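Protein chains in written order, with the working numbering: chain Y, 1 to 350; chain U, 1 to 350; chain S, 1 to 350; chain W, 1 to 350. All C-beta atoms, glycine included, are put in the ideal place defined by N, C-alpha and C. Please read all numbers here as calculations on a predicted model, not as lab measurements. Let me begin by presenting the structure, written as structure tokens, before commenting on it.
Number of protein chains: 4
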Amino acid sequence: MADHMSGIRPLRTGVIGASGFAGAELLRIAAGHPGLDVVFASSESLTGVAVGDKFPGLARSYPTLALQPWASIPSHLDAVFVALPHGVSQSVIPKLNAGIVIDLGSDFRFDDPLTYEAWYGETHSAPVLMSQFAYGMVELRREAIAGTTAIAVPGCYVTAATLTLAPLLAAGVVEPEGIVVDAASGVTGAGRDPKPSTTFTAVSEDFTAYGLLNHRHTGEMEHALSQSAGTAVELLFTPHLAPMNRGILATCYLKPTGNQTTDDLLQVMGDFYEGEIFIQVSDKIPHTKATLGSNSVHMTVRRDQRTDWVVAIGALDNLVKGAAGQAVQCLNVACDFPENTGLESAGVYS
Amino acid sequence: MADHMSGIRPLRTGVIGASGFAGAELLRIAAGHPGLDVVFASSESLTGVAVGDKFPGLARSYPTLALQPWASIPSHLDAVFVALPHGVSQSVIPKLNAGIVIDLGSDFRFDDPLTYEAWYGETHSAPVLMSQFAYGMVELRREAIAGTTAIAVPGCYVTAATLTLAPLLAAGVVEPEGIVVDAASGVTGAGRDPKPSTTFTAVSEDFTAYGLLNHRHTGEMEHALSQSAGTAVELLFTPHLAPMNRGILATCYLKPTGNQTTDDLLQVMGDFYEGEIFIQVSDKIPHTKATLGSNSVHMTVRRDQRTDWVVAIGALDNLVKGAAGQAVQCLNVACDFPENTGLESAGVYS
Amino acid sequence: MADHMSGIRPLRTGVIGASGFAGAELLRIAAGHPGLDVVFASSESLTGVAVGDKFPGLARSYPTLALQPWASIPSHLDAVFVALPHGVSQSVIPKLNAGIVIDLGSDFRFDDPLTYEAWYGETHSAPVLMSQFAYGMVELRREAIAGTTAIAVPGCYVTAATLTLAPLLAAGVVEPEGIVVDAASGVTGAGRDPKPSTTFTAVSEDFTAYGLLNHRHTGEMEHALSQSAGTAVELLFTPHLAPMNRGILATCYLKPTGNQTTDDLLQVMGDFYEGEIFIQVSDKIPHTKATLGSNSVHMTVRRDQRTDWVVAIGALDNLVKGAAGQAVQCLNVACDFPENTGLESAGVYS
Amino acid sequence: MADHMSGIRPLRTGVIGASGFAGAELLRIAAGHPGLDVVFASSESLTGVAVGDKFPGLARSYPTLALQPWASIPSHLDAVFVALPHGVSQSVIPKLNAGIVIDLGSDFRFDDPLTYEAWYGETHSAPVLMSQFAYGMVELRREAIAGTTAIAVPGCYVTAATLTLAPLLAAGVVEPEGIVVDAASGVTGAGRDPKPSTTFTAVSEDFTAYGLLNHRHTGEMEHALSQSAGTAVELLFTPHLAPMNRGILATCYLKPTGNQTTDDLLQVMGDFYEGEIFIQVSDKIPHTKATLGSNSVHMTVRRDQRTDWVVAIGALDNLVKGAAGQAVQCLNVACDFPENTGLESAGVYS
């Protein structure tokens with residue numbers, strides 16, 4: 001399918017849920033991706049509205065595209081991205097007929113319906129499909145993604161924490177239990193629908209925690225990290241809302257298993273991601289802003305000899321590597337495009 | 001001295017270091033405090049500049065006050081607030097002649113020079129004075145502050161973490177070791193001097209950690225909390241910079257000693273602060289913005305049965321309760337003014 | 001009624017529309033006003049919710065107050081503030097029985113229904129009441145406000161532009177026509193109801209204009225300024241939305257009538273507001289942040305000899321001097337309290 | 001030179017002044033431009049620092065590039081971008097030996113030294129070079145730029161105002177005098193050096209004006225617009241600082257010459273920019289955020305019949321179309337690359 005890249009025929013692509021943050025970010029990234037031709041974009045609430053009227057920044061990229069109900073999707077598309085609220089894609093995806101389906105929601109991230117039901121508190125309506133989805137954490141599952149036709153893109157917090165901690169757990173240098181993941185996200189993580197908690201006046205000059213103890217990304221982090229660790233991982237996750245648009249910083253606390261130093265741990269992390277174009281391991285502390293607009297993850301790690309904690313920190317743009325960018329990275333791998341096609345490693349701010 | 005409040009004669013007051021954030025906030029609070037008459041304000045770099053020219057918002061409150069070098073301070077003032085960078089007040093305070101001295105810096109927060117030197121990496125130049133200072137964490141040390149003439153105001157992060165954790169440690173419901181204090185602060189915590197890291201462009205849309213492993217407030221937190229716990233407390237402290245002006249949120253992780261529930265822990269916290277006008281214990285998660293401009297601390301606590309962690313969260317305005325407001329609260333206690341004189345419990349944002 | 005201030009009995013006060021920005025700001029200001037005792041606060045949508053649950057920053061100030069429907073207001077209150085959306089107070093106020101009514105909405109700002117209908121495009125339902133309201137621009141109408149029992153508080157933009165331009169028009173040094181008022185406001189000016197245009201993500205990092213050509217405050221500015229000028233004033237008003245919570249800066253362009261210099265015009269402005277505690281005239285350019293949380297207006301003026309324009313600039317906090325603070329200032333004048341009771345001239349930022 | 005685009009050999013490129021906002025933005029854009037290979041980047045203050053250490057977001061794009069003093073530039077480069085403070089490039093550029101020089105500063109924007117000296121108050125040190133520079137306002141001067149080897153990129157405010165007003169002045173539908181340009185910019189317009197006025201705490205929650213009456217961009221606007229108008233244009237320019245990183249919105253007031261309606265004026269504007277890929281004319285009001293990260297200009301116009309003003313509004317990203325993006329657009333035109341090579345029309349926010 002790499003011949004799409006030489007311009008023979010880009011993939012006829014649909015974006016279901018194009019008016020949300022992740023969907024619109026898909027449109028933005030697809031506009032610069034030579035292998036994608038977005039011929040369909042859906043929004044139930046904005047049916048008939050031109051993409052360029054809703055998103056003036058995309059007017060030139062999509063001069064003729066208007067939002068439609070998802071059910072009016074053409075009968076066969078080469079690729080369909082689904083960016084719907086949790087619980088909705090399980091009713092939509094079974095009805096799709098597409099070459100490849102990439103779901104940005106949470107419905108198909110678990111292999112089995114029981115784990116889903118434990119964290120989401122509801123029965124899954126398409127349980128037999130769950131095992132058909134590859135879990136789209138590219139740097140950890142590249143081989144499972146290559147050539148597949150159904151991909152579940154990980155959650156934003158999950159991507160930040162899992163990519164940061166996987167090297168340490170895989171190497172066995174930290175304990176799989178007693179982990180704390182303390183993270184902060186920009187407000188795009190809360191979705192585009194206006195809510196009292198997402199107004200400028202609520203968010204600006206405020207910092208707060210939410211979802212204490214049982215945020216649903218906890219189960220997904222444990223699930224993904226357990227595979228890296230080869231044993232059950234248990235962690236407490238505390239998300240915070242920071243007064244910014246984009247960005248997640250995950251500050252993670254773990255107990256070391258041995259006497260590795262900071263340098264040892266940086267080496268473990270660096271070796272694990274050797275050759276990865278979107279992972280940047282450094283002894284410097286990551287800034288979310290340096291990743292803004294890019295598909296990169298910046299990470300570091302420290303060992304505190306005094307209190308015997310390991311601190312690992314990862315940063316990314318929640319709408320790119322935490323959603324639409326990772327989705328496109330998955331498609332690139334699945335369709336044998338160069339992995340960074342349409343994706344930036346450089347952030348907008350420098 | 002309560003007769004000052006009936007207008008007989010307010011305290012002739014000086015503010016040394018009035019051009020920094022804490023010093024200017026002292027001027028703002030003093031402007032509304034009937035017991036304080038600021039007759040002197042110093043700044044070495046802005047000597048001769050009118051307060052109202054540097055701070056237009058204070059022009060009406062101080063129509064005739066100009067900044068002077070600190071050494072030109074009148075020979076005797078009733079009260080002097082010292083808001084100087086770390087390490088400077090130890091050389092200034094021995095030369096002062098004042099009824100009461102309230103130091104907002106870190107030089108006199110420890111009783112002994114050894115602890116100071118361990119965390120600050122330098123010899124203390126006025127060690128004999130250290131034991132004369134009461135530690136100004138009012139809710140925990142009110143009796144030691146009443147009637148004293150030298151007060152060291154606690155650090156901003158220290159106030160947030162210590163007031164949040166003291167009830168739990170004092171009650172013995174959490175372990176004194178293995179504690180993690182993960183906190184975020186607005187940028188006023190970094191001081192007013194322009195630095196690359198405090199420009200709007202560096203801070204806005206960014207969230208990052210700093211001072212990993214050995215931030216100096218760690219020692220002060222351990223020192224203050226050990227007194228509450230009655231045993232040595234050890235903790236790891238990770239500060240973060242959030243893109244906002246004011247506010248600290250401290251999210252703290254501790255191991256429970258028993259099987260207390262969330263309700264039990266809320267009860268411990270609420271009972272401990274019974275009757276305190278500036279402490280607000282609630283089952284709701286605190287927002288820094290609700291404390292903006294006030295001297296209040298909002299706090300809550302949770303017990304996670306699944307992972308066996310206790311999460312305690314506290315919020316305050318770092319320039320008020322974390323600096324100038326707490327300093328005035330100390331003075332109110334020391335001088336027998338009503339404790340909330342000049343101080344708001346209501347935040348500016350509602 | 002000044003005896004209220006010596007503590008005999010504060011005014012039993014109601015706030016109708018207490019969950020909006022202006023209403024909540026009234027609660028905040030009233031909490032520090034010794035002459036006001038808020039015994040009633042209404043919200044149709046949050047009936048039964050405790051004030052402290054909706055606004056944690058006010059929990060200590062109003063420990064027992066819960067929001068109620070406006071119709072359950074006690075049969076007689078000494079003072080009632082009405083902070084309802086445009087068009088609603090004209091149906092509520094006729095039903096009130098109160099010592100003094102202060103309306104923060106736009107319904108009673110004009111004397112006659114025709115002007116109202118021209119700018120608001122609808123018939124006024126209580127036209128006979130219109131002439132009973134004093135227009136609460138205190139610095140321009142103090143005598144009309146003293147002793148009255150019905151006051152219409154001016155709009156936020158109107159206050160900024162009118163107070164800035166009135167001295168120049170009254171002195172005849174600028175033309176009454178061809179005026180441009182170009183202003184920017186923080187997002188609290190758009191009300192608290194969540195809308196797509198007021199989410200953090202829409203507002204942050206954005207600057208835009210709105211209400212081009214026919215914003216309703218235009219008519220009110222012309223009306224108020226015509227009285228200062230003694231002749232009909234005509235102006236074009238362009239509001240902008242700035243990514244901040246509070247603050248209005250009005251930058252106004254006018255044609256000079258004579259050859260006054262910048263110094264002459266500053267003199268005209270300064271003389272006009274001689275002795276006013278909330279007006280600060282200066283040759284320095286105003287910053288909205290210096291007024292944050294205060295009832296102050298900062299202003300300046302310039303004459304450009306090259307292009308023959310006069311530029312006059314004024315800044316204020318739209319929720320204080322532009323709404324709740326000015327409302328309390330009106331009440332203070334009407335009830336013979338000291339005019340600055342409960343009001344700050346110093347901004348929170350210094 | 002279009003063969004560079006097919007990969008034969010990209011231009012060996014230098015960036016002088018790479019640590020400032022415009023210089024770093026050039027590095028970011030060049031990283032995605034297949035015709036540019038940045039082999040040299042200078043900074044006097046950060047000599048020896050790796051680009052990726054100063055700008056972590058660019059670490060992957062420039063793994064081996066370190067900042068050097070400008071004088072160590074290789075003896076011949078194909079292209080050199082100069083992003084130095086005003087007044088400096090006139091001493092640097094005469095010493096350069098490069099295929100094409102593109103200056104982002106103000107030194108070579110005027111044809112003659114007298115106009116330069118009038119606005120900048122100093123003698124030009126390289127007056128004979130001034131006439132050799134093409135003025136890089138691509139949409140207005142494309143033919144003069146094609147094939148040239150020296151280009152002066154217009155100022156950020158100038159680009160916003162000039163592109164917005166040129167169609168109206170060229171068509172003669174507005175008067176060339178009595179124009180007001182009232183504009184707001186994000187803080188990157190003030191340069192990266194930390195200053196009291198550019199700290200987060202100074203900028204956030206503030207809106208203010210600066211450079212009243214005589215901002216240097218005034219002369220450049222008049223110069224550029226006079227060429228479009230075919231007669232001398234005179235205007236008053238008032239810049240404001242908005243609390244955001246990037247973006248300029250210029251709101252311009254002009255007197256109509258005839259009775260054109262809003263629709264007529266939109267038609268004039270739209271026709272003028274027919275076929276331009278980076279100009280978006282619409283009846284919708286532009287938002288700076290929609291242009292963030294893109295090289296686009298969004299604009300609209302209105303005619304107010306009541307007050308007889310024309311209001312024209314334009315928005316752009318000051319670091320892209322207002323600086324580095326326009327510089328690259330100039331290079332693309334000069335070197336016969338497709339004009340949008342390396343440049344986005346879609347903004348990062350959608």
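Item                                                                                                                                                                           : Value
Just verifying my parser: in three-state terms, what is the DSSP assignment at H4 (chain U)?                                                                                   : Residue placement at H4 (chain U) cannot be trusted, given a pLDDT of 45 that sits under 50; what the coordinates show is reported in the next sentence. The answer is helix: DSSP assigns H4 (chain U) an H, G or I state.
Between Y:S45, Y:Q267, Y:F55 and Y:S106, which has its C-alpha nearest A323 (chain Y)'s C-alpha?                                                                               : Y:S106
By Cβ distance, which residues of its chain are closer than 8 Å to Y377 (chain W), with the 5 residues on each side in sequence left out?                                      : One cannot answer for residue 377 (chain W) here, as it falls past the ends of chain W, which runs 1 to 350.
For M131 (chain S), collect the residues of the same chain with a Cβ closer than 7 Å to its Cβ; drop the 5 residues on either side in sequence, then sort them by chain order. : It should be noted that the sequence gives Ser, not Met, for residue 131 (chain S). Contacts found: D111.
Output the distance between the C-alpha atoms of P338 (chain U) and V92 (chain U), rounded to the nearest integer angstrom.                                                    : 29 Å
For H33 (chain Y), go through chain W and note every residue whose CB falls closer than 8 Å to its CB, in chain order.                                                         : Here the premise fails: no neighbours, minimum Cβ distance about 12 Å.
Listed in chain order, which residues of the segment 284 to 298 of chain U have Cβ atoms closer than 9 Å to some Cβ of chain S?                                                : K284, P286, H287, K289, A290, T291, L292, G293, S294, S296 and H298
So which of W:D336, W:M299, W:S61 and W:A146 has the shortest CA-CA distance to I277 (chain Y)?                                                                                : W:S61
Just confirm the distance between the C-beta atoms of C252 (chain W) and L165 (chain W), as a whole number of angstroms; I'd bet it's less than 8 Å.                           : 6 Å
Just to confirm my understanding: we take Q90 (chain S), look at its own chain, exclude 5 residues before and 5 after, and list those with CB closer than 7 Å. What are they?  : D107, H124, S125 and A126
Taking Cβ to Cβ, would you say G315 (chain Y) is nearer than 8 Å to P286 (chain Y)?                                                                                            : At residue 315 (chain Y) the sequence reads Ala, which differs from the Gly that was named. Yes, Cβ-Cβ distance for A315 (chain Y) and P286 (chain Y) is below 8 Å.
Residues in the same chain with beta-carbon distance under 8 Å from M299 (chain S), minus the five sequence neighbours each way, listed in chain order, please.                : L163, T164, M269, I279, Q280, V281, S282, P286, A312, I313, G314 and A315
Just to confirm the assignment, what range does the alpha helix (DSSP H) spanning G23 (chain S) have?                                                                          : F21 to A31
Please report the distance separating the alpha-carbon of F207 (chain U) from that of M221 (chain Y).                                                                          : 21 Å
If we count the other Cβ atoms within 10 Å of its Cβ and call it buried at 16 or more, is T13 (chain W) buried or exposed?                                                     : buried
Taking the alpha-carbon positions, what's the L46 (chain S) to P34 (chain U) distance?                                                                                         : 38 Å
Let's test the definition: count the other Cβ atoms within 10 Å of the Cβ of E122 (chain U) and tell me whether it reaches 16, buried, or not, exposed.                        : exposed
Strictly under 8 Å for the Cβ-Cβ distance: is D279 (chain W) near chain S by that measure?                                                                                     : First, the residue type needs correcting, since residue 279 (chain W) is Ile and not Asp in the sequence shown. Answer no: the Cβ-Cβ gap between I279 (chain W) and chain S never drops below 8 Å.
For T64 (chain Y), which three-state DSSP category applies?                                                                                                                    : coil
Does chain Y have any CB closer than 8 Å to the CB of G219 (chain U)?                                                                                                          : no
Kindly indicate if chain W contains any beta-carbon less than 8 Å away from that of M244 (chain S).                                                                            : yes
Residues in the same chain with beta-carbon distance under 7 Å from L331 (chain U), minus the five sequence neighbours each way, listed in chain order, please.                : A79, I100 and I102
Do G136 (chain Y) and L84 (chain Y) have their C-beta atoms closer together than 8 Å?                                                                                          : no
Can you give me the C-alpha to C-alpha distance between V41 (chain S) and P69 (chain S), rounded to a whole angstrom?                                                          : Residue identity differs from the one stated: residue 41 (chain S) is Ala in this sequence, not Val. One C-alpha to the other measures close to 8 Å.
Can you have a look at C335 (chain Y) and say buried or exposed, based on whether 16 or more other CB atoms are within 10 angstroms of its CB?                                 : buried
Closer than 9 Å, Cβ to any Cβ of chain S: which residues of the segment 199 to 214 of chain Y, in chain order?                                                                 : T199, F200, T201, A202, V203, S204 and E205
Determine which residues of the segment 169 to 195 of chain U have a Cβ less than 8 Å from any Cβ of chain W, and write them out in chain order.                               : V187, T188, R192, P194 and K195
Give me whichever residues DSSP pairs with D37 (chain U) in a beta bridge.                                                                                                     : U:R12
Just verifying my parser: in three-state terms, what is the DSSP assignment at H240 (chain S)?                                                                                 : strand
Span of the alpha helix (DSSP H) holding T164 (chain S)?                                                                                                                       : C156 to A170
Please confirm if W309 (chain U) has its CB atom under 8 Å from at least one CB of chain Y.                                                                                    : yes
Please classify A2 (chain W): is it buried, with 16 or more other beta-carbons within 10 angstroms of its beta-carbon, or exposed?                                             : Since pLDDT at A2 (chain W) reaches only 40, below the 50 mark, its modelled position is unreliable, and the value read off the structure follows with that caveat. That one is exposed.
Can you pull the chain U neighbours of T261 (chain Y), defined as C-beta to C-beta under 7 Å?                                                                                  : Those do not exist, as T261 (chain Y) stays about 12 Å from chain U at its closest Cβ, beyond 7 Å.
Can you grab the Cα-Cα spacing for the pair D308 (chain Y) / D182 (chain U), in whole Å?                                                                                       : 16 Å
Where V333 (chain W) and G247 (chain S) are concerned, what is the direct C-alpha to C-alpha distance, given to the nearest angstrom?                                          : 44 Å
Under 8 Å, Cβ to Cβ, is there at least one residue of chain Y near L46 (chain W)?                                                                                              : no
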